[in-house]
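First to last, the sequence lines map onto chains A and B.
Per the numbering used here, the very first residue in the first sequence carries number 2; after that it's consecutive.
Per the numbering used here, the very first residue in the second sequence carries number 2; after that it's consecutive.
Here a beta-carbon is modelled for each residue, glycine too, at the ideal position from N, C-alpha and C.
Given the structure is predicted, the values throughout are model-derived calculations rather than measurements.
Comments concern the structure below.
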Amino acid sequence: GQQVMQIPQYQHVQEGEDFTTYCNSSTTLSNIQWYKQRPGGHPVFLIQLVKSGEVKKQKRLTFQFGEAKKNSSLHITATQTTDVGTYFCAFSGSARQLTFGSGTQLTVLP
Amino acid sequence: DTEVTQTPKHLVMGMTNKKSLKCEQHMGHRAMYWYKQKAKKPPELMFVYSYEKLSINESVPSRFSPECPNSSLLNLHLHALQPEDSALYLCASSSDFSTDTQYFGPGTRLTVL
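Rendered as structure tokens:
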């Protein structure tokens with residue numbers, strides 16, 4: 002079945018530095034969603050992208066969906082300690098099945 | 002109300018015990034899900050209910066038995082579990098469109114002794 006590869010697996014940044022995580026698929030995706038899971042918490046929906054080349058922003062977060070709809074990225078500008086957590090991309094196929102990427106665990110050093 | 006609630010928050014059980022996890026949502030969503038998440042891993046889909054009917058069972062062992070009594074409730078009955086079943090069990094819900102957002106509950110952290 003369809004899968005997405007997510008890189009990097011871990012990222013340590015100094016507070017104030019930027020951070021990017023990438024998701025790549027070998028097949029075209031109908032949509033991509035991004036979730037954040039804080040340590041000890043549960044996944045929380047951030048955004049969904051459905052259009053080729055789509056770019057969406059939420060304050061310091063910028064989400065992109067590739068032109069071929071095979072890759073996506075999440076970029077955080079000037080990280081803060083509140084950004085700590087694991088960021089997952091996910092896509093939904095038929096039958097409401099959400100498949101998650103492996104996640105990128107972000108650590109922000111004060 | 003965009004909340005999914007789950008009880009209990011923590012559960013410790015022996016391999017011979019029978020227990021149930023409960024999930025509730027009042028958003029009018031018609032799709033509900035059970036996921037299993039091991040430490041440092043992504044959630045893995047177990048079951049999907051659509052309009053109170055089981056639509057997906059991801060080859061989950063029969064010691065896990067889901068139940069959807071009504072459109073707001075989802076249960077997961079546990080029996081004769083193994084220590085490797087220890088994990089965070091997450092419930093989620095979404096409206097009936099396949100590309101819609103899933104709202105996750107806080108999860109039940111299960112330990113099987």
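Neighbouring residues, chain B, relative to residue i (Cβ below 7 Å)
{"i": "Phe101 of chain A", "result": "Pro43, Pro44"}
{"i": "His43 of chain A", "result": "Leu91, Phe105, Gly106, Pro107, Gly108"}
Within chain A, partners of residue i - CB distance below 8 Å
{"i": "Thr102 of chain B", "result": "Gln34, Phe46, Gln49"}
Cut-off 8 Å between Cβ atoms - residues of its own chain near residue i, not counting five sequence neighbours on either side
{"i": "Thr6 of chain B", "result": "Cys24, Glu25, Gln26, Gly106, Pro107"}
{"i": "Ser21 of chain B", "result": "Asn76, Leu77, His78, Leu79"}
{"i": "Gly94 of chain A", "result": "Gly2, Gln3, Ser31, Thr100"}
{"i": "Val61 of chain B", "result": "Met47, Phe48"}
Residue-chain proximity (residue i, chain B), Cβ-Cβ < 9 Å
{"i": "Gln106 of chain A", "result": "yes"}
{"i": "Ser73 of chain A", "result": "no"}
{"i": "Ser53 of chain A", "result": "no"}
{"i": "Ser26 of chain A", "result": "no"}
Beta-carbon neighbours of residue i, restricted to chain E and to distances below 8 Å
{"i": "Leu82 of chain B", "result": "The chain labelled as chain E is not found among the protein chains of the depicted structure, namely A and B."}
Proximity test, Cβ basis, 9 Å: residue i and chain A
{"i": "Tyr34 of chain B", "result": "yes"}
Within chain B, partners of residue i - CB distance below 9 Å
{"i": "Phe89 of chain A", "result": "Pro43, Pro44"}
Short Cβ contact (9 Å threshold) for residue i with residue j
{"i": "Gly15 of chain B", "j": "Leu91 of chain B", "result": "no"}
{"i": "Ser53 of chain A", "j": "Gly67 of chain A", "result": "yes"}
{"i": "Phe20 of chain A", "j": "Trp35 of chain A", "result": "no"}
{"i": "Leu12 of chain B", "j": "Thr102 of chain B", "result": "no"}
{"i": "Gln38 of chain A", "j": "Phe89 of chain A", "result": "yes"}
{"i": "Ala88 of chain B", "j": "Thr17 of chain B", "result": "no"}
{"i": "Arg45 of chain B", "j": "Glu59 of chain B", "result": "Sequence inspection shows Glu at residue 45 of chain B; the Arg mentioned does not correspond to that position. Going by C-beta atoms, Glu45 of chain B is nearer than 9 Å to Glu59 of chain B."}
{"i": "Met28 of chain B", "j": "Tyr104 of chain B", "result": "yes"}
{"i": "Lys70 of chain A", "j": "Thr29 of chain A", "result": "yes"}
7 Å CB neighbourhood of residue i in its chain, flanking five on each side removed
{"i": "Val49 of chain B", "result": "Ala32, Tyr34, Ser56, Ile57"}
{"i": "Ser72 of chain B", "result": "Arg31, Glu53"}
{"i": "Gln81 of chain A", "result": "Glu16, Val109"}
For residue i, the residue or residues it bridges with in DSSP
{"i": "His78 of chain B", "result": "B:Ser21, B:Ser66"}
{"i": "Leu30 of chain A", "result": "For Leu30 of chain A, which the question treats as bridged, DSSP gives no partner whatsoever."}
Residues near residue i by beta carbon distance below 6 Å, same chain, minus five either side
{"i": "Ser103 of chain A", "result": "Gln7"}
{"i": "Thr22 of chain A", "result": "Leu75, Tyr88, Thr105"}
{"i": "Ile48 of chain A", "result": "Trp35, Lys57, Phe64"}
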